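In this text, residue positions in the sequence shown follow my numbering: the first is 559, and each later residue adds one. Think of the CB as a built atom: it goes at the ideal place given N, C-alpha and C, for glycine as much as any other residue. Just so it is clear, the structure is predicted and the values come from calculations on it, not from any experiment. Data first, discussion second: the structure below is written as structure tokens.
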Amino acid sequence: MCGCPEHRTGSAARPAPEVSISKTQRRYQVGYISVRHENSKTHMTTYYSRIPSLHLKGDWLAEAGFDTGASVTVKISEGCLTLIAERDEVQELREELYQVKQVVKGMKVGISGVLREV
559 MCGCPEHRTG SAARPAPEVS ISKTQRRYQV GYISVRHENS KTHMTTYYSR IPSLHLKGDW
619 LAEAGFDTGA SVTVKISEGC LTLIAERDEV QELREELYQV KQVVKGMKVG ISGVLREV
């Protein structure tokens, strides 16, 4: 169990990882990235701003179930971030939902075009 609220309350538990996690606690420092802002008409830079950034890296991510390409849900509360790796089934469902939404969007455009002609 990871200790996140979903697992503490007994909802769908993940299978135990096959590889043991080398360390269960890590320390990182919040840094920043510069964001360039520009005038939309001239495309000239108007200013730069700094936004907080946290870059996680290491083999321990895969050990904990966060493989390259995996989708991650971030739950946010005051002073706490909970990272939850989505299982393949969840990722597949999200992709299917996106495709269905695109089809519905196309249908709406087609229907509105037909209604304008009437």
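Contact check for Ser607 against Val593 passes: the beta carbons are separated by less than 9 angstroms. Note that the C-beta distance between Glu644 and Thr626 is not below 9 angstroms. With the rule of 3 Cβ pairs closer than 8 angstroms, the stretch 650-669 does not count as touching the stretch 635-642. Rounded to whole angstroms, the Cβ separation of Pro610 and Tyr590 is 6 angstroms, and the two are in contact under 8 angstroms. Using a Cβ distance threshold of 9 angstroms, Leu612 and Val648 do not count as a contacting pair. Where Ser670 is concerned, the enclosing alpha helix (DSSP H) starts and stops at Asp646 to Glu675.
Per DSSP, Leu614 is not a residue of any alpha helix (DSSP H), being assigned neither H nor E. In the displayed model, Glu636 falls within coil according to three-state DSSP, outside both helix and strand. Considering only Tyr605, Ala622, Met602 and Asn597, the residue with the shortest C-alpha distance to Lys581 is Ala622.
Taken atom to atom, the span from the alpha-carbon of Leu614 to that of Tyr605 is near 28 angstroms.
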